[in-house]
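Asker: 687 is the number that numbering that gives the first Met the number 0 gives the last residue of the sequence shown; the numbers go up by one with no jumps. The structure is given below, and queries will be raised subsequently.
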Amino acid sequence: MSAYGRPARLAAGCLLAALVGGGAAAVALGGYAAPSPGRAETLSTLVVDRDGRLLRPFTATDGAWRLPVAREAVDPRFVRLLTAYEDKRFFRHPGVDPLAAARAAAQAFKHGGIVSGGSTLTMQVVRLLNPDRARTLRRKLDEAATALALERAVGKNGVLDLYLRLAPYGGNLEGVRAASLAYFGKEPARLSIAEAALLIAIPQAPEARRPDRDAAAARRARDRVLDRLAEAGAITAAEAAHALEETTPSGRRAFPNLAAHAAEAAARRAGPGGVVGLTLRRDAQHALEELARDRARALGPGLSAAILVADHATGAIEASVGAADYFDASRAGGLDQTRTVRSPGSALKPFIYALAFENGIAAPATLIEDRPARFGSYAPRNFDEGFHGTVSCAQALALSLNIPAVALMEAVGPQRFVARLRAAGAEVSLPGTEAPGLAVALGGVGVRLVDLATLYAGLARGGATVPLTDDPARLAEPGAAGRRLVDPVAAAQVALALLKSPPPEAALGGRIAFKTGTSYGYRDAWAVGFDGRRVVAVWVGRPDGASSAGLVGRDAAAPILFDAFARLGGGIAPLGPAPAETTVAAADLPAPLRRFRPFGSLPEAEPGRSPLVVAYPPDGARVELDGGAELALKAAGGVAPFRWLVDGRPLPPERRRETLWPVSGPGFARVTVTDATGATASAEVRID
């Protein structure tokens with residue numbers, strides 16, 4: 000005999016019948032209120048790209064995959080089939096279906112207990128919000144009354160949103176979005192009829208029907224849903240037959256894990272729950288992660304690769320690949336190599352030349368010697384152990400010759416060089432407490448991949464840097480002035496020289512301004528380049544910093560750089576127009592700039608002569624002038640004759656200490672004077 004007995008049958012019939020005609024009264028008399036959102040507000044953190052596409056989700060704080068989702072993001076057909084199967088009068092009842100309740104009451108009276116229960120979708124949501132395995136009549140009445148209150152509070156659409164978010168799908172999967180990603184590997188915006196039927200079937204018995212545990216049981220449950228939907232006319236017989244032939248998944252797929260390192264950092268900043276948007280482009284990120292993984296594997300065991308791509312106008316990072324394979328422990332995939340400090344090798348050479356050009360120490364056409372030289376106790380050698388004799392500075396940069404770079408570094412000054420890089424936003428690390436020396440020219444300093452990308456982006460945007468970021472709220476405004484790196488003419492001169500860098504084998508040169516670098520001992524290989532739209536930076540090496548025989552920037556990193564540009568799509572954007580003064584022939588250079596003479600070979604100044612300085616305007620001066628007016632320039636000290644330049648552009652060849660500069664408009668300018676000994680002096684001035 001049933002535990003309920005005949006009295007229980009009568010009670011069941013009476014109580015459930017009361018729901019048919021007096022559900023609203025139950026709410027009023029019992030003081031029922033809508034349930035607390037509870038777990039519905041404990042959501043997974045999602046990191047998405049600039050277009051809202053999922054890069055990486057994280058479990059909620061309780062360990063569940065509970066992804067935020069709303070009905071607008073779910074295939075409308077799924078919602079239609081769900082209501083047709085679970086609650087066909089969903090849109091017509093107030094939270095409790097009187098007809099279903101009457102049927103449940105009759106079944107309870109007949110069998111002495113709850114058989115079907117008459118649950119609506121709203122009542123199911125109530126149970127999901129307040130899990131309780133009890134199946135008593137009192138529990139059923141409470142659910143019904145609370146369902147009425149819930150619908151009054153959130154409406155039909157709110158109920159659907161809660162169901163789509165909380166429906167159980169086995170293990171720690173909750174909600175339609177998590178289930179669709181785990182079982183089908185896609186968002187639920189487009190579902191086949193068979194997929195929709197499976198997602199309807201699993202929540203009825205989530206652990207017994209998990210495809211990853213019992214694919215056969217999942218298929219049987221799905222097929223029963225399809226049969227009932229066909230019988231109810233929700234789908235056609237042909238649609239049901241076609242869906243029955245579709246296979247069911249037999250396991251769980253991995254959730255998306257793109258930009259793993261950037262996503263982890265973003266999730267830490269945001270805290271638990273919610274959606275975090277980054278500036279990354281999902282397609283670009285996926286393509287470059289594949290590129291880094293494939294190339295690192297081809298290069299050999301233990302090697303990793305990192306790639307950073309940014310829009311140099313705004314600083315928006317479009318792709319950030321921190322390692323060749325996030326899950327490969329042999330390559331330390333968990334470490335973000337875009338933020339690791341390493342020796343850049345020759346990758347900083349362009350900025351030595353840029354400062355030399357800016358300060359009138361040299362020009363692209365200036366001849367410089369590439370031959371054995373000693374700088375105190377320091378005797379650098381070229382990478383290929385050979386010498387090229389007399390070359391132009393532009394050629395020396397394109398060929399990455401070491402001795403000319405060190406000679407120019409001596410003239411620029413290592414301390415001044417490092418200070419300028421830091422002022423432009425790059426984090427530059429020096430060993431111990433030592434002051435920077437000439438070895439900085441060849442990699443005797445530590446930088447990160449993101450720092451190199453920032454500096455090269457500065458060259459691309461006319462000599463001013465903006466911070467590179469994946470946070471949309473921190474982007475620079477288009478046309479922002481940025482931090483001064485070098486003047487526009489020097490930046491353009493270096494960019495033109497880098498366009499002539501020898502490309503890797505089978506690659507087309509002359510379209511990307513790029514530079515490679517190889518650190519001492521073959522530990523790090525670099526390649527950084529830019530076109531008119533993006534800057535791309537590549538690092539290859541061992542995460543533990545060990546040496547790798549034959550690891551050279553041109554052979555290991557440069558091919559990845561060129562392939563990255565190709566995979567980004569949109570073609571190579573040409574560099575912007577260069578200032579008219581960018582190219583000056585050797586014959587048009589002032590005599591001291593036609594050939595670079597390193598310190599120790601310059602003619603002596605007259606005895607008692609004071610050092611060359613710009614006497615007016617003084618460095619940092621602010622001058623008010625109308626457009627078209629002339630500003631007097633005056634030098635003190637030094638040896639006549641003199642040569643004047645403004646922002647790297649020579650003024651008419653007057654050899655006097657004083658000259659006039661026709662000011663074209665407001666802004667910052669750099670005034671430089673050179674004398675007969677090759678000495679230079681500069682001053683920055685602001686014209687209002």
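All residues carry an ideal CB built from backbone N, CA and C; glycine is no exception.
1. Put A548 into one of helix, strand or coil per three-state DSSP.
2. For S179, report the span of its alpha helix (DSSP H) as first-last.
3. Mind checking which residues open and close the beta strand (DSSP E) that includes D369?
4. Answer with buried or exposed for Q414, where buried requires no fewer than 16 other C-beta atoms within 10 angstroms of its C-beta.
5. Under three-state DSSP, which class holds I690?
6. Since A397 and L497 should fall inside the 8 Å C-beta cutoff, what is the C-beta to C-beta distance between them, to a whole number of angstroms?
7. Spatial neighbours of L190 within its chain, please: C-beta separation below 6 Å, excluding the five flanking residues on both sides.
8. Whose C-beta lies closer than 8 Å to the C-beta of D687 among residues of the same chain, with five residues either side of it excluded?
9. Between G344 and T41, how many whole angstroms is the CB-CB distance? I'm expecting something under 8 Å.
10. Do the CB positions of A283 and E317 come within less than 8 Å of each other?
11. Please report how far the alpha carbon of P363 lies from the alpha carbon of G461, in whole angstroms.
12. So, helix, strand or coil for F529, using DSSP?
13. In its own chain, which residues sit with a C-beta less than 6 Å from the C-beta of A506, not counting the 5 before and 5 after it?
14. Assuming contact is defined by CB atoms lying nearer than 8 Å, are R52 and R419 in contact in what I supplied?
15. In its own chain, which residues sit with a C-beta less than 6 Å from the C-beta of A557, not counting the 5 before and 5 after it?
16. Can you tell me which residues form a DSSP beta bridge with Y377?
17. Taking P591 as part of the alpha helix (DSSP H), name the residues at either end of that continuous run.
18. Please determine if the stretch 538-548 and the stretch 327-336 are in contact, where contact requires at least 3 C-beta pairs separated by less than 8 Å.
19. Quick check on N358: buried or exposed, where buried means 16 or more other Cβ atoms within 10 Å of its Cβ?
20. Considering only the alpha carbon of each residue, which of A83, I402, S376, L180 lies closest to R596?
21. How big is the Cα-Cα spacing for G94 and A291?
22. Count the other C-beta atoms from every protein chain shown that fall within 10 angstroms of the C-beta of T235, then say buried if there are 16 or more, exposed otherwise.
23. How far does the alpha helix (DSSP H) with V158 in it reach, from first residue to last?
24. Between G21 and the rest of its own chain, which residues show a CB-CB distance below 7 Å, the 5 nearest in sequence each way excluded?
25. What is the rounded straight-line gap between the Cα of L197 and the Cα of V224?
26. Given a threshold of 16 other Cβ atoms within 10 Å of its Cβ, counted over all protein chains shown, does D587 qualify as buried or as exposed?
27. To the nearest angstrom, how far is the alpha carbon of A490 from that of P471?
28. Are the beta-carbon atoms belonging to A322 and D469 less than 8 Å from one another?
29. Please state whether DSSP places Y84 in a helix, a strand or coil.
30. Take E85 and list the residues in its own chain whose beta-carbon comes closer than 6 Å to its own, dropping the five residues that flank it on each side.
31. Judging by CA-CA distance, which residue of A148, L80, L257, T676 is the nearest neighbour of A639?
32. On the three-state DSSP scale, how would you describe K348?
33. Based on the DSSP secondary-structure assignment, which residues constitute the bridge partners of E426?
34. Go ahead and label T389 buried or exposed: buried means 16 or more other beta carbons lie within 10 angstroms of its beta carbon, across all protein chains shown.
35. Smallest Cα separation from V670: which of V612, R655, A266?
36. Can you list, in chain order, the residues of its chain with a C-beta nearer than 7 Å to that of A39? Leave out the 5 residues immediately preceding and following it.
Answerer: Let me lay it out:
1. Sequence index remark: in the sequence shown, residue 548 carries index 549 (1-based). Looking at A548 - three-state DSSP - the assignment turns out to be coil, as it is neither helix nor strand.
2. Within the sequence shown, numbered from 1, the residue matching residue 179 stands at position 180. 175-183 is the span of the alpha helix (DSSP H), which, as asked, contains S179.
3. Along the sequence shown, one-based indexing puts residue 369 at 370. 366-369 is the extent of the beta strand (DSSP E) around D369.
4. As a first step, residue 414 must be located in the sequence shown, where it is residue number 415. Exposed.
5. Beyond the ends of the chain as shown, which are 0 and 687, falls residue 690; an answer cannot be given.
6. Numbered from its first residue, the sequence shown carries residue 397 at position 398. Numbered from its first residue, the sequence shown carries residue 497 at position 498. Contact holds; Cβ gap of about 7 Å.
7. In the sequence shown, residue 190 corresponds to position 191, counting from 1. If we look at L190 and ignore the five residues flanking it on each side, its Cβ neighbours are D74, F77.
8. Within the sequence shown, numbered from 1, the residue matching residue 687 stands at position 688. Non-local C-beta neighbours of D687 in its own chain, meaning closer than 8 Å and more than five positions away in sequence, comprise R621, V622, E623, L624, P665, ordered along the chain.
9. Position 345 of the sequence shown, counted from the first residue, corresponds to residue 344. Position 42 of the sequence shown, counted from the first residue, corresponds to residue 41. Not a contact, Cβ separation roughly 49 Å.
10. Counted from its first residue, the sequence shown places residue 283 at position 284. Counted from its first residue, the sequence shown places residue 317 at position 318. Yes, the Cβ-Cβ distance between A283 and E317 is below 8 Å.
11. Along the sequence shown, one-based indexing puts residue 363 at 364. Along the sequence shown, one-based indexing puts residue 461 at 462. When rounded, the distance between both Cα atoms is 17 Å.
12. Looking up residue 529 in the sequence shown gives position 530. Reduced to three states, the DSSP call for F529 is strand.
13. In the sequence shown, the residue the question calls residue 506 occupies position 507. Within the same chain, A506 has close Cβ partners F561.
14. If you number the sequence shown from 1, residue 52 lands on position 53. If you number the sequence shown from 1, residue 419 lands on position 420. It is not a contact, given that the beta carbons lie outside the stated cut-off.
15. Residue mapping note: residue 557 aligns to position 558 of the sequence shown, counting from 1. When the five nearest sequence neighbours on each side are left out, the beta carbons in the same chain lying within less than 6 Å of the beta carbon of A557 are those of P503, T515, A526, in order along the chain.
16. Indexing the sequence shown from 1 puts residue 377 at position 378. Paired residues: F374.
17. Within the sequence shown, numbered from 1, the residue matching residue 591 stands at position 592. Per DSSP, P591 belongs to the alpha helix (DSSP H) from 590-593.
18. Yes, since at least three Cβ pairs between the stretch 538-548 and the stretch 327-336 fall closer than 8 Å, the two stretches touch.
19. Taking the first residue of the sequence shown as 1, we reach residue 358 at position 359. By the 10 Å Cβ count, N358 comes out buried.
20. Looking up residue 596 in the sequence shown gives position 597. The option with the nearest alpha carbon to R596 is I402.
21. For the purposes of this step, residue 94 is taken as residue 95 along the sequence shown, with counting starting at 1. For the purposes of this step, residue 291 is taken as residue 292 along the sequence shown, with counting starting at 1. Near 54 Å, if we compare the C-alpha coordinates of A291 and G94.
22. In the sequence shown, residue 235 corresponds to position 236, counting from 1. Exposed is the call here.
23. Counting from one through the sequence shown, the residue named residue 158 turns up at place 159. Per DSSP, V158 belongs to the alpha helix (DSSP H) from 136-165.
24. Here residue 21 is taken as the residue at index 22 of the sequence shown, counted from 1. Residue placement at G21 is flagged as unreliable, the pLDDT there being 45, under the threshold of 50; a coordinate-derived value is accordingly withheld.
25. Position 198 of the sequence shown, counted from the start, is the residue given in the question as residue 197. Position 225 of the sequence shown, counted from the start, is the residue given in the question as residue 224. A direct Cα-to-Cα measurement between L197 and V224 gives close to 8 Å.
26. Working through the sequence shown from its first residue, we reach residue 587 at position 588. Of the other Cβ atoms in all chains shown, fewer than 16 fall within 10 Å of the Cβ of D587; this residue is therefore exposed.
27. For the purposes of this step, residue 490 is taken as residue 491 along the sequence shown, with counting starting at 1. For the purposes of this step, residue 471 is taken as residue 472 along the sequence shown, with counting starting at 1. When rounded, the distance between both Cα atoms is 27 Å.
28. To locate residue 322, count along the sequence shown from 1; it is residue 323. To locate residue 469, count along the sequence shown from 1; it is residue 470. No, the pair does not count as a contact, with Cβ atoms beyond the cut-off.
29. On the sequence shown, position 85 is the one that residue 84 refers to. Reduced to three states, the DSSP call for Y84 is helix.
30. One-based indexing of the sequence shown puts residue 85 at position 86. Answer for E85: L120, listed in chain order.
31. On the sequence shown, residue 639 is found 640 positions in, with the first residue counted as 1. A639 has its Cα closest to that of T676, out of A148, L80, L257, T676.
32. The residue given as residue 348 occupies position 349 in the sequence shown. Three-state result, K348: helix.
33. Taking the sequence shown and counting its residues from 1, the one referred to as residue 426 is at position 427. DSSP output for E426 lists no bridge partner at all.
34. By one-based count along the sequence shown, residue 389 stands at place 390. Exposed, because fewer than 16 other Cβ atoms sit within 10 Å of the Cβ of T389.
35. The residue given as residue 670 occupies position 671 in the sequence shown. Looking at the Cα atoms, V612 is the closest of the given residues.
36. Translated into positions along the sequence shown, residue 39 becomes position 40. Excluding residues within five positions, the ones whose Cβ falls inside 7 Å are L128, L161, R164, L165.
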